[in-house]
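Engineer:
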Amino acid sequence: MKAYIFPGQGAQFVGMGKDLYDNNNRCHDLFERANDIIGFRITDLMFAGTPEDLKQTKVTQPAIFLHSVILATYMGSEFMPDMVGGHSLGEFSALVASGAMDFDDGLRLVIARANAMQRCCEMRPSTMAAIVKLDDKTVEDVCAEVSASGEIVVPANYNTPGQLVISGTIEGVAKASEKLKELKGRAVPLAVGGAFHSPLMEPARLELAEAIENTIFHKPLCPCYQNVNAKPVTDPQEIKKNLVAQLTSPVRWTATVQNMIADGATEFIEVGPGTALQGMVKRIWPEADAHSAC
Numbered sequence: 029m030k031a032y033i034f035p036g037q038g039a040q041f042v043g044m045g046k047d048l049y050d051n052n053n054r055c056h057d058l059f060e061r062a063n064d065i066i067g068f069r070i071t072d073l074m075f076a077g078t079p080e081d082l083k084q085t086k087v088t089q090p091a092i093f094l095h096s097v098i099l100a101t102y103m104g105s106e107f108m109p110d111m112v113g114g115h116s117l118g119e120f121s122a123l124v125a126s127g128a129m130d131f132d133d134g135l136r137l138v139i140a141r142a143n144a145m146q147r148c149c150e151m152r153p154s155t156m157a158a159i160v161k162l163d164d165k166t167v168e169d170v171c172a173e174v175s176a177s178g179e180i181v182v183p184a185n186y187n188t189p190g191q192l193v194i195s196g197t198i199e200g201v202a203k204a205s206e207k208l209k210e211l212k213g214r215a216v217p218l219a220v221g222g223a224f225h226s227p228l229m230e231p232a233r234l235e236l237a238e239a240i241e242n243t244i245f246h247k248p249l250c251p252c253y254q255n256v257n258a259k260p261v262t263d264p265q266e267i268k269k270n271l272v273a274q275l276t277s278p279v280r281w282t283a284t285v286q287n288m289i290a291d292g293a294t295e296f297i298e299v300g301p302g303t304a305l306q307g308m309v310k311r312i313w314p315e316a317d318a319h320s321a322c
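What the sequence shown shows, in our numbering, is residues 29 to 322, in sequence order.
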């Protein structure tokens, strides 16, 4: 069985999607439609901008979404998923690619999400860090200890066994990182604009909830394994509820991949920029057949 997986923020690179734009009329038209919907030529930033341009949350998220969804469109009849999943932002790409939303509605939601998250980032300085070489329970306990002292820091991305990203205030993440280093872990600060998948995203969650509620969702052509519970979902109302919760809940990627394998996945195809997800899949299941779509 084929599991198609879609990357999230951090996978962007300058030049992403240009080959699709230049060499396929259908892809070219979708990129141009996106430019009209967004209100500026995001393709200029994707194809010839700077890395700093692409790091802005309001640019990064729609750029990765467009590359992923348009690549799935380019695949045509070769895109035949038995299941789909996406890492954070990638869940929106997975839902559009699998027919749960149409292209325009999906893009508008991603724009709303990116802008709401950008405002949260500007409202209160915050950050994230990847913690490696420690088990999840140890990281969870340290986050709880630091949070009890008045700062905010929580587990945000359960990426692989031995790699958990934490998220919170700058001071909270710094304190937790120091404690985790004392426990023989390694803390790697991430170049992100804020504390994604943490309580600090609550204003964005409330803002996005209204936009999601006003968007038409359909039953996808295959189950989508959603971040908040790592379980397969096809009911449109449940999909909506989980998408809203996703902004302030951790991404349970390890459990997602494990559940896909338990449900019969034998091949993982990453659709979008970068190769981060296939690397995670292989760390979760070393024998995995995991590769890029094209």
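No residue lacks a Cβ here, since even glycine has one placed at the ideal position from N, Cα and C.
Quantities reported herein were computed from a predicted structural model and do not represent experimental measurements.
Could you tell me if histidine 225 is buried or exposed, where buried requires 16 or more neighbouring beta carbons within 10 angstroms of its beta carbon?
Structural biologist: Buried is the call here.
Engineer: Within a Cβ cutoff of 8 Å, which residues of the same chain sit near arginine 61, ignoring the five residues on either side of it in sequence?
Structural biologist: Hits under 8 Å: Phe131 and Asp132.
Engineer: On the three-state DSSP scale, how would you describe valine 265?
Structural biologist: A small correction: the amino acid at residue 265 is glutamine; valine does not occupy that position in the sequence shown. Glutamine 265 falls in the helix class under three-state DSSP.
Engineer: My output table needs one value for asparagine 143: the three-state DSSP class, helix, strand or coil.
Structural biologist: Correct three-state label for asparagine 143: helix.
Engineer: Hey, out of Asn185, Ile198 and Arg54, whose CA is closest to alanine 158's CA?
Structural biologist: That would be Asn185, whose Cα lies nearest to the Cα of alanine 158.
Engineer: Any idea if isoleucine 66 is buried or exposed, counting beta-carbon neighbours within 10 angstroms, 16 or more meaning buried?
Structural biologist: Buried is the call here.
Engineer: Give me the residue from Thr166, Thr197, Ser126 and Asp110 with the minimum Cα distance to proline 153.
Structural biologist: Out of Thr166, Thr197, Ser126 and Asp110, Thr197 has the C-alpha closest to the C-alpha of proline 153.
Engineer: Going by the CB atoms, is the gap between leucine 117 and glutamine 89 shorter than 8 Å?
Structural biologist: Yes, the Cβ-Cβ distance between glutamine 89 and leucine 117 is below 8 Å.
Engineer: Suppose you measure from the CA of arginine 280 to the CA of methionine 74; what does that come to, to the nearest Å?
Structural biologist: Taking the straight line from one Cα to the other gives about 29 Å.
Engineer: Could you name the residues that DSSP lists as bridge partners for asparagine 185?
Structural biologist: Beta-bridge pairing links asparagine 185 to Val193 and Val279.
Engineer: Measuring only the C-alpha atoms, how far is valine 181 from isoleucine 312?
Structural biologist: Answer to the nearest angstrom: the Cα atoms are 25 Å apart.
Engineer: In terms of DSSP beta bridges, what is phenylalanine 75 paired with?
Structural biologist: Looking at the DSSP assignment, phenylalanine 75 forms no beta bridge with any residue, so it has no partner.
Engineer: Given a cut-off of 8 Å on the beta-carbon distance, is the pair leucine 211 and leucine 249 in contact?
Structural biologist: No, Cβ-Cβ distance for leucine 211 and leucine 249 is not below 8 Å.
Engineer: With DSSP as the reference, label glycine 127 as helix, strand or coil.
Structural biologist: Coil at glycine 127, not helix or strand.
Engineer: By the DSSP assignment, the beta strand (DSSP E) with proline 217 in it spans what residues?
Structural biologist: Its beta strand (DSSP E) spans residues 214-217.
Engineer: Provide the residue span of the beta strand (DSSP E) that contains threonine 155, from first to last.
Structural biologist: Start and end: 154-160.
Engineer: Run the CB neighbour count on proline 278, radius 10 Å, all protein chains shown included, and call it buried at 16 or more, exposed below.
Structural biologist: Buried, because 16 or more other Cβ atoms sit within 10 Å of the Cβ of proline 278.
Engineer: Assign serine 205 to one of two classes, buried (16 or more other C-beta atoms within 10 Å of its C-beta) or exposed (fewer than that).
Structural biologist: The residue in question, serine 205, is buried, as its Cβ has 16 or more Cβ neighbours within 10 Å.
Engineer: Drop a sphere of 10 angstroms on the beta-carbon of histidine 115, count the other beta-carbons inside from all chains shown, and report buried for 16 or more, exposed for fewer.
Structural biologist: By the neighbour-count rule (16 or more Cβ atoms within 10 Å), histidine 115 is buried.
Engineer: Which complete beta strand (DSSP E) runs does the stretch 47-91 hold, if anything under 3 residues is left out?
Structural biologist: Fully enclosed beta strand (DSSP E) runs of 3 or longer: not present.
Engineer: Quick check on the burial criterion: 16 or more other C-beta atoms within 10 angstroms. Buried or exposed for isoleucine 244?
Structural biologist: It is exposed - the Cβ of isoleucine 244 has fewer than 16 other Cβ atoms within 10 Å.
Engineer: Do alanine 31 and alanine 293 have their beta-carbon atoms positioned less than 8 Å apart in this structure?
Structural biologist: Yes; because the gap between Cβ atoms is below 8 Å, this pair is in contact.
Engineer: Per DSSP, which residues does lysine 30 bridge with? Please list them.
Structural biologist: Beta-bridge pairing links lysine 30 to Glu295.
Engineer: Taking 8 Å as the cut-off, does the stretch 83-99 touch the stretch 48-59 (at least 3 CB pairs, one atom from each stretch)?
Structural biologist: Touching, per the Cβ criterion.
Engineer: In whole angstroms, give me the CA-to-CA distance for proline 109 and serine 177.
Structural biologist: In a straight line, the C-alpha of proline 109 is about 46 Å away from that of serine 177.
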